[in-house]
Every structure is written in C-alpha cells, then in structure tokens.
Amino acid sequence: MSQTECVSQYQALLYRVAYNILGNRCDAEDAVQDVFANWFRIENTSVRNAKAYLLRAVRNTSLNLKRKTDALTSSDREIEETPETTIYDKAQGWAFMAEEKAEEIREAVMMMYGKLSAPERGVYVLREGFDFDYSEIAEIFEKKRDHCRQLLLRAKKRLSLPQASKASSDSDNDNGLGSFMQRFNKACQKGEMSSLIGFLQSEISAKE
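So, in structure tokens, the structure goes:
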C-alpha cells in the first residue's frame, strides 16, 4: 500500500480515535501526523495488519500527549464537538486492535472460564484480549497496578495447568459464561466495551 493510499484509507479513522481521547482538534491532528510520520519511516512491509498497528499507535500517541497536557495544566480543557466524534466510540478502536487476539482469548475463556477467579478473569481479558494498560485496568477495577500484574500472572499460571483447580463453582460458570460471551463477542465485533467492562466489574463486586 502506497503512502497516499494509507493516508486516504485510515486518516479519518485515526483522527476520530485521537480526537476522542484528546478532545482537541489540533492535538488530534498532531497525533495522527506523528503516527503517519513514524509509519512511513519504519519498514512496515512486515506488518500483517496495518489498521490494527496504526490504531494501536494513534491510541498510545494520543494517551502520551494527553498525559503531558494534563501535567501542564490543571484546568479543564474545552472539548470541541464535531459530527465525527459524536458517532465514534473509542471502544471501536480497542475492538479493531483486538481482532487478531479475539478468537484465541474467546476459546481460552470458553474452555477455562471456571479456572479463573473474577478478578483474574477481568484483568486477563482486558490485558490480553484488548491490550489495556495496567493503569487503565487498575482504574476500572479500583485496584493497584502491581496487584493487577499479579492477577494476570496468576491467571496465566492457572490456565497453563491442565488439572488446575476451579476458582468458581459449576453453577457460577453456567450462570456467568453465557452472559460473558455475549458481551465479549459484542466488544470484539462492534466495539461495545462498556457492557463487557460493566459485567466484569459486577462479577468482581459480587465476589468481594
């Protein structure tokens, strides 16, 4: 794909992701320009999924820029509303980035749902399936980042054991798996992350 074709195909999508995070037209445009500039500088012929790569890059670039901006000022920034941003949910970017991992995570969780506790399951899905940062996961589940790291390590270890003990009862599995998979599929296919996150939060709250 030529540089012109790449910009033409993905510029609008990347802009909407950046704008949704930054809430500012100029900053969003700068983030997109930086992503394309880096993309054109690297040897990108080995990248299998250009869209997923660019979405990940613009999200990370925008988050880094937002952190720098927030550190410079404590005042709220005025968010400029545009037609593009009103029809776009940042979660769609997460769904695109998760498309290569979605089937792997889906199969793993379907087979081993009962082996993970609710906190382990929540961290595992968001980190491994949707590439959330530990800081984001910690905020979502109201836990410390180090605790989230430990939960992920524990989940991976539990899933790697063929005879691992179950962390929840069969009745819990039957009641939760169907609801979880419905929300997980929507998150992967349509970018509807809020329903999945809410479900994972409610599972953890119910066990505490």
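Those letters in the sequence shown? Residues 1 to 208, by UniProt numbering. Ideal Cβ positions, reconstructed from N, Cα and C, are used throughout, including at glycine. Since this is a predicted model, take the numbers as computed values, not measurements.
- Here DSSP, grouped into helix, strand and coil, assigns Ile137 to helix.
- Counting the other Cβ atoms within 10 Å of the Cβ of Asn38 gives fewer than 16, which makes it exposed.
- With distances taken between CA atoms, Tyr10 lies nearest to Ala57 out of Asp27, Gly23 and Ala57.
- Per DSSP, the continuous alpha helix (DSSP H) segment holding Leu153 begins and ends at Arg145 to Ser160.
- For the pair Val125 and Leu200, the CB atoms are nearer than the 8 Å cut-off.
- In the structure shown, the three-state DSSP call for Ile42 is coil.
- DSSP, read as helix, strand or coil, puts Asp131 in coil.
- A distance of 8 Å or more separates the beta carbons of Tyr15 and Val35.
- Assignment of Asn60 by DSSP, reduced to helix, strand and coil, places it in the helix class.
- The continuous alpha helix (DSSP H) containing Ser194 extends over residues Met193 to Lys207.
- Going by C-alpha positions, Asn60 is about 15 Å away from Asp70.
- Pairing Arg121 with Val17, the inter-Cα distance amounts to about 27 Å.
- For Glu120, the enclosing alpha helix (DSSP H) stretches over residues Ala118 to Tyr124.
- Restricting attention to Cys6, Arg48 and Lys66, the CA atom closest to the CA of Tyr19 is found in Lys66.
- Approximately 7 Å separates the beta-carbon atoms of Cys6 and Ala50; this is inside 8 Å, confirming the contact.
- Rounded to the nearest angstrom, the Cβ distance from Ala155 to Arg145 is 16 Å, too far for a contact under 8 Å.
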